[in-house]
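K.L.:
Take this structure, written in structure tokens, and hold onto it; I'll ask about it next.
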Amino acid sequence: MRLFDSVEYALEYTESRNAAGFGNADPKRWIEGDGKYVFRSDGRRWFLDEHGLSFNLGDKSLTPKHDISGFDGGRHYHCRGDSLLVYGEDELGNRRAGLPLVLWRCGSSAENLLYTLRLPEARIIGRPKIGGQACVTIEVRWIPEWDQSRLLRRLEVTISPEQSYLPLKAVWERDGKVTSECELNGLKRTAGGVWYPLMIRTNRQMQDPPDYPLPRTEKIKSVVFRDSKQEPWAEDAFRFTPPLGVDIVDRRRGVAWCNDPWWAELAPFAKEKFDWPRADTAALIYAASYNDPAIDDAPAPVIEAADWVNGKDPGPWQRAGRFVSVLYFFDDLAIAPHPGQIAALRAWRAKYAANEVELVGIAGHHDVAEVKRSIAELGIDFPVAIDQKSDNKQSYGRTRDAFHLRQSAGIVIVTPAGHVKLLPAPQGNGEPRNPLDVAVLPLFEMAGRRPQWAADAPLKPATFKQMNPQLTDAARTQIQAEWRRQVLSQTGRGKVQGLISHDASLDAAIAEQECQVTIQPELWLLLSNTPGGHFVDVDANRRQTVAVKGSYEFSGLRKGTYRLSFSAPGVARVERKVLLETDDAITAVDVSLQSDTIRGQVQDETGEPFSGVSVRVVLRHLAPPQKYPTTTSGLPREPIMTDSDGRFVLDQLPAGAYTLEFSVAGFDKAEVELVSVGTRDLSVVLPAAKPQ
5 MRLFDSVEYA LEYTESRNAA GFGNADPKRW IEGDGKYVFR SDGRRWFLDE
55 HGLSFNLGDK SLTPKHDISG FDGGRHYHCR GDSLLVYGED ELGNRRAGLP
105 LVLWRCGSSA ENLLYTLRLP EARIIGRPKI GGQACVTIEV RWIPEWDQSR
155 LLRRLEVTIS PEQSYLPLKA VWERDGKVTS ECELNGLKRT AGGVWYPLMI
205 RTNRQMQDPP DYPLPRTEKI KSVVFRDSKQ EPWAEDAFRF TPPLGVDIVD
255 RRRGVAWCND PWWAELAPFA KEKFDWPRAD TAALIYAASY NDPAIDDAPA
305 PVIEAADWVN GKDPGPWQRA GRFVSVLYFF DDLAIAPHPG QIAALRAWRA
355 KYAANEVELV GIAGHHDVAE VKRSIAELGI DFPVAIDQKS DNKQSYGRTR
405 DAFHLRQSAG IVIVTPAGHV KLLPAPQGNG EPRNPLDVAV LPLFEMAGRR
455 PQWAADAPLK PATFKQMNPQ LTDAARTQIQ AEWRRQVLSQ TGRGKVQGLI
505 SHDASLDAAI AEQECQVTIQ PELWLLLSNT PGGHFVDVDA NRRQTVAVKG
555 SYEFSGLRKG TYRLSFSAPG VARVERKVLL ETDDAITAVD VSLQSDTIRG
605 QVQDETGEPF SGVSVRVVLR HLAPPQKYPT TTSGLPREPI MTDSDGRFVL
655 DQLPAGAYTL EFSVAGFDKA EVELVSVGTR DLSVVLPAAK PQ
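Residue numbers (our numbering): 5 to 696.
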């Protein structure tokens with residue numbers, strides 16, 4: 005069998021979930037959905053394009069989602085649909101979708117499987133032949149040292165040594181109950197001698213009641229291996245170009261912005277005039293010490309470092325030039341909340357830069373190369389100690405042991421006297437405050453000192469509002485003015501055009517009307533470093549009047565974000581967000597108009613028309629047939645009632661799909677999801693209320 009430098013594979017899957025509440029009293033609500041992804045890696049860089057599924061308790065269907073994540077050799081990225089892109093944070097797609105991890109997880113994770121097989125309790129209990137191949141069945145019975153329940157665990161796994169050592173099937177048990185089962189089917193051999201399954205079936209059991217399986221079937225559609233002699237990957241194989249219109253968070257810089265088509269031109273203006281966007285300290289609001297409280301106010305232990313990055317051991321706690329030390333313990337991976345806290349720590353340290361406050365990192369020892377890569381990716385510029393490995397098997401490192409850390413991450417203060425000071429627990433009442441300020445400012449007061457930034461102001465910890473500054477109205481107004489100036493500086497050659505049609509829900513008289521088509525330029529700005537907090541500025545709009553069944557065209561447009569709307573009496577209003585990337589971009593947006601009504605009838609369980617039933621619109625689904633996202637904006641405020649024939653008509657509804665609620669005294673409420681506007685014959689049965 006040859007070893008390969010790179011791999012690309014495609015996988016499709018079907019999985020089922022129980023969307024009911026987790027408990028024996030809840031009836032199961034099984035929902036099923038399909039997903040797929042493409043993964044590629046050259047051993048260092050990786051890329052994952054995943055069409056997955058999500059749900060909330062109570063849902064009747066799994067909701068599709070589209071995520072793209074990867075590592076381009078310099079930084080991680082993770083794009084969630086068309087709304088958010090995060091740089092500098094590892095979403096762990098490589099650990100979820102790396103081909104060896106998928107082939108070797110067999111009902112658990114690859115790490116768990118390999119760890120368990122290395123236990124001294126592992127023993128061979130059989131040598132079956134499967135598909136003509138000699139296999140080995142291994143059993144492991146053990147009680148993990150860390151498991152306080154002391155319940156016996158068991159693994160039985162069958163491995164095929166001649167087929168790339170694949171685990172063909174495995175059963176995991178805890179306290180005699182099956183927790184997971186997995187089987188690989190239809191093994192196939194590549195030209196290079198690597199085996200892989202065409203199908204992986206997994207059943208995971210929920211142990212804390214109730215006991216029921218969560219089935220998942222995966223089908224590997226293609227696998228392509230590459231070695232160093234083959235053609236290298238294309239330059240952009242692991243890169244990702246930010247989509248227009250998404251909010252972008254850069255963990256290294258600690259800032260966020262909306263990727264509006266005009267942001268590239270406006271960013272230098274906003275930075276020069278208003279230092280915007282700027283790194284804040286809001287990510288520290290939940291910073292905490294995860295230590296045994298007994299070490300609070302005890303003499304601080306020394307840092308036991310196996311190596312130092314970005315400098316050397318700063319020396320003893322009692323030394324000239326040191327007033328307060330902030331020790332930042334972190335893992336070797338760039339996973340939340342660590343990346344977000346780095347830029348916030350740098351911003352906080354800069355505030356105290358002239359006051360002998362030092363920041364020292366203490367990283368985990370498990371993967372030193374990963375630690376150094378993470379330090380480079382996040383721009384960590386303070387000294388970082390690589391913690392020494394501890395003899396304690398359950399330990400995160402010697403320095404962590406000495407400081408009585410209960411987990412691998414956390415923040416600890418070392419006072420001027422060289423004693424440990426733990427961060428206070430987050431306060432439940434009032435506006436949150438910066439926990440580092442809460443811990444450090446009293447030390448200044450006791451020493452009769454004042455931070456340089458405080459001047460004569462009272463020494464008060466920064467509130468969350470102060471930690472998360474907003475773009476001021478004055479700055480926003482000037483950015484808007486600069487946007488308009490640049491837009492009007494020349495004429496564009498861009499176009500938005502399309503065809504207008506209608507479906508059968510429109511009556512003939514309405515279909516003969518004229519349609520008003522409006523296009524309006526927009527500028528999208530983030531008001532803070534919190535994604536989703538937009539300000540949308542609009543400029544003068546342009547209108548056309550065309551036939552309900554016809555065509556339209558807006559020309560002479562510059563690049564930018566545009567709001568396109570279609571309206572006519574009796575027609576559901578349609579809105580589209582259009583993004584022109586360049587001044588000569590041409591985009592086609594075709595629409596099919598529908599009636600603005602939903603018509604239907606409510607009956608009782610005998611089939612009789614039900615009058616006097618309240619019909620309320622509770623949600624609008626913005627992107628049918630998907631269930632999410634939803635809004636309550638623009639919905640009718642009051643319910644309507646069914647007439648003597650049980651019929652109802654909801655009108656003047658915008659385009660989309662709706663969730664409707666039907667209720668009357670003495671009967672259970674009925675809820676119907678994803679009812680499209682233009683529906684003429686919705687039939688609803690209202691069941692009599694069952695006694696509790």
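All C-beta atoms in this analysis are idealised placements derived from N, C-alpha and C, irrespective of residue type, glycine included.
From the DSSP secondary-structure annotation, give me the bridge partner or partners of ASP4.
P.N.:
Nothing can be reported for residue 4: it is not among the residues displayed for the chain, which extend from 5 to 696.
K.L.:
Leaving out five residues before and five after SER555 in sequence, what residues of the same chain have Cβ atoms less than 6 Å from its Cβ?
P.N.:
As a first step, residue 555 must be located in the sequence shown, where it is residue number 551. Within the same chain, SER555 has close Cβ partners LEU503.
K.L.:
Would you call the region 269–277 and the region 384–401 touching, i.e. three or more CB-CB distances under 8 Å?
P.N.:
The region 269–277 is not in contact with the region 384–401.
K.L.:
Let me make sure I understand the geometry here. Which of GLU16, ASP647 and THR646 has the alpha-carbon closest to that of GLU222?
P.N.:
Taking the sequence shown and counting its residues from 1, one reaches residue 222 at position 218. Nearest option by C-alpha distance: GLU16.
K.L.:
Given a cut-off of 8 Å, decide if LEU597 and VAL552 are closer than it, judged by their beta-carbon atoms.
P.N.:
For the purposes of this step, residue 552 is taken as residue 548 along the sequence shown, with counting starting at 1. For the purposes of this step, residue 597 is taken as residue 593 along the sequence shown, with counting starting at 1. For VAL552 and LEU597, yes; Cβs fall inside 8 Å.
K.L.:
Using the C-alpha atoms, what's the distance from GLY325 back to PRO318?
P.N.:
The residue given as residue 318 occupies position 314 in the sequence shown. The residue given as residue 325 occupies position 321 in the sequence shown. When rounded, the distance between both Cα atoms is 10 Å.
K.L.:
With C-beta atoms as the reference, is GLY125 less than 8 Å away from TRP146?
P.N.:
Residue numbering aside, residue 125 sits at position 121 when the sequence shown is read from its first letter. Residue numbering aside, residue 146 sits at position 142 when the sequence shown is read from its first letter. The identity of residue 125 in the sequence shown is Glu, whereas the question assumes Gly. Cβ distance < 8 Å, so GLU125 and TRP146 count as in contact.
K.L.:
Name the DSSP beta bridge partners of GLU187, please?
P.N.:
Your numbering for residue 187 matches position 183 in the sequence shown. The partner list for GLU187 (beta bridge, DSSP) reads LYS173 and ARG205.
K.L.:
According to the neighbour-count rule (16 or more other Cβ atoms, all chains shown, within 10 Å of its Cβ), is TRP487 buried or exposed?
P.N.:
For the purposes of this step, residue 487 is taken as the residue at position 483 of the sequence shown. Classification for TRP487: buried.
K.L.:
From LEU690 to GLY660, what distance separates their C-alpha atoms?
P.N.:
If you number the sequence shown from 1, residue 690 lands on position 686. If you number the sequence shown from 1, residue 660 lands on position 656. LEU690 and GLY660: Cα-Cα distance of roughly 25 Å.
K.L.:
From the DSSP output, which residues share a beta bridge with PRO303?
P.N.:
For the purposes of this step, residue 303 is taken as residue 299 along the sequence shown, with counting starting at 1. According to DSSP, which records beta bridges pairwise, PRO303 is partnered with HIS423.
K.L.:
Okay, do the region 191–209 and the region 162–181 touch, 3+ Cβ pairs below 8 Å being the bar?
P.N.:
Short answer: they touch.
K.L.:
Rounded to whole angstroms, what's the CA-CA distance from ARG157 to ARG620? Just pull it up for me.
P.N.:
As a working mapping, residue 157 is identified with position 153 in the sequence shown. As a working mapping, residue 620 is identified with position 616 in the sequence shown. In a straight line, the C-alpha of ARG157 is about 52 Å away from that of ARG620.
K.L.:
Going by alpha carbons, who is nearest to LYS315 out of ARG33, PRO446, VAL227 and VAL364?
P.N.:
The residue you call residue 315 lines up with position 311 of the sequence shown. First, the amino acid is wrong: residue 315 is Gly here, not Lys. Comparing Cα positions, the closest option is VAL364.
K.L.:
Excluding sequence positions up to five away, which residues of its chain have a Cβ less than 7 Å from the Cβ of TRP352?
P.N.:
For this step, residue 352 is matched to residue 348 along the sequence shown. Same-chain partners within the cutoff: THR285, LEU288 and LEU440.
K.L.:
For PRO465 and VAL444, what's the separation of their Cα atoms in angstroms?
P.N.:
Position 461 of the sequence shown, counted from the first residue, corresponds to residue 465. Position 440 of the sequence shown, counted from the first residue, corresponds to residue 444. Taking the straight line joining both Cα atoms gives about 9 Å.
K.L.:
Measure from the C-beta of ARG580 to each C-beta in chain D and report whether the shortest distance is under 8 Å.
P.N.:
Given the protein chain composition of this structure (a single chain), no chain D is represented.
K.L.:
Considering Cα atoms alone, identify which of SER58, GLY537, ALA347 and TRP150 is closest to ASP38.
P.N.:
Here residue 38 refers to the residue found at position 34 of the sequence shown. Comparing Cα positions, the closest option is SER58.
K.L.:
Have a look at LEU568, SER637 and ASP251 and flag the residue whose alpha-carbon is nearest the alpha-carbon of GLY536.
P.N.:
Here residue 536 corresponds to residue number 532 of the sequence shown, with the count starting at 1. Per the Cα distances, ASP251.
K.L.:
With distance defined between alpha-carbon atoms, name the residue in LEU218, ARG257, PRO387 and ALA292 nearest to TRP280.
P.N.:
Position 276 of the sequence shown, counted from the first residue, corresponds to residue 280. The shortest C-alpha separation from TRP280 is found at ARG257.
K.L.:
Which of the three DSSP states, helix, strand or coil, is assigned to VAL688?
P.N.:
By one-based count along the sequence shown, residue 688 stands at place 684. In this structure, VAL688 counts as strand in the three-state DSSP scheme.
K.L.:
According to the Cβ coordinates, are GLY383 and ASP336 closer than 8 Å?
P.N.:
The residue labelled residue 383 in the question sits at position 379 within the sequence shown. The residue labelled residue 336 in the question sits at position 332 within the sequence shown. Result no, Cβ atoms of GLY383 and ASP336 do not sit closer than 8 Å.
K.L.:
What did DSSP end up calling PHE468 once you bin it into helix, strand or coil?
P.N.:
For this step, residue 468 is matched to residue 464 along the sequence shown. Looking at PHE468 - three-state DSSP - the assignment turns out to be helix.
K.L.:
Please classify PRO573 as buried or exposed, where buried requires at least 16 other C-beta atoms within 10 Å of its C-beta.
P.N.:
Taking the sequence shown and counting its residues from 1, one reaches residue 573 at position 569. It is exposed - the Cβ of PRO573 has fewer than 16 other Cβ atoms within 10 Å.
K.L.:
What's the C-alpha gap between SER45 and ALA241?
P.N.:
The residue given as residue 45 occupies position 41 in the sequence shown. The residue given as residue 241 occupies position 237 in the sequence shown. Going by the C-alpha atoms only, they are around 9 Å apart.
K.L.:
Quick test of the definition: if touching needs 3 or more C-beta pairs under 8 Å, does the region 293–307 touch the region 342–360?
P.N.:
The region 293–307, when compared against the region 342–360, does not touch it at the 8 Å Cβ threshold.
K.L.:
If you scan the region 337–387 from start to end, which runs of the alpha helix (DSSP H) of 4 or more residues do you find wholly inside it?
P.N.:
For the region 337–387, whole alpha helix (DSSP H) runs of length 4 or above, ordered along the chain, are 342–355 and 372–382.
K.L.:
Using the beta-carbon count (16 or more within 10 Å), is VAL668 buried or exposed?
P.N.:
The count along the sequence shown starts at 1 and reaches residue 668 at position 664. Result: buried.
K.L.:
Opposite ALA429 in the DSSP bridges: which residues?
P.N.:
As a working note, residue 429 is residue 425 in the sequence shown. In the DSSP output, where bridge partners are listed per residue, ALA429 has none listed.
K.L.:
Mapping the DSSP letters down to three states, classify LYS275 as helix, strand or coil.
P.N.:
Sequence index remark: in the sequence shown, residue 275 carries index 271 (1-based). Three-state result, LYS275: helix.
K.L.:
Could you check how far apart the C-beta atoms of SER293 and LEU426 are, in whole angstroms? I think they sit under 8 Å.
P.N.:
The residue given as residue 293 occupies position 289 in the sequence shown. The residue given as residue 426 occupies position 422 in the sequence shown. Contact holds; Cβ gap of about 4 Å.
K.L.:
Please go through the same chain and pick out, in chain order, the residues whose beta-carbon is closer than 7 Å to the beta-carbon of ASP405, but skip the five residues on each side of it.
P.N.:
As a working note, residue 405 is residue 401 in the sequence shown. Counting only Cβ-Cβ distances below 7 Å, and skipping sequence neighbours, we find SER394, ASN396 and SER399.
K.L.:
In this structure, what does DSSP give as the bridge partners for ASP71?
P.N.:
What you label residue 71 is simply residue 67 of the sequence shown in a count that begins at 1. According to DSSP, which records beta bridges pairwise, ASP71 is partnered with GLU54 and ARG84.
K.L.:
Can you give me the C-alpha to C-alpha distance between GLN451 and PHE334, rounded to a whole angstrom?
P.N.:
Position 447 of the sequence shown, counting from 1, holds the residue named residue 451. Position 330 of the sequence shown, counting from 1, holds the residue named residue 334. This sequence places Ala at residue 451; Gln is not what is there. Between ALA451 and PHE334, the C-alpha separation is close to 30 Å.
K.L.:
Please check the pair THR636 and LEU623, which I expect to be a contact at CB under 8 Å, by giving their CB distance rounded to whole angstroms.
P.N.:
Looking up residue 636 in the sequence shown gives position 632. Looking up residue 623 in the sequence shown gives position 619. 6 Å between Cβ atoms; contact.
K.L.:
What beta strand (DSSP E) runs, 3 residues minimum, are completely inside the region 465–524?
P.N.:
You should have 498–506.
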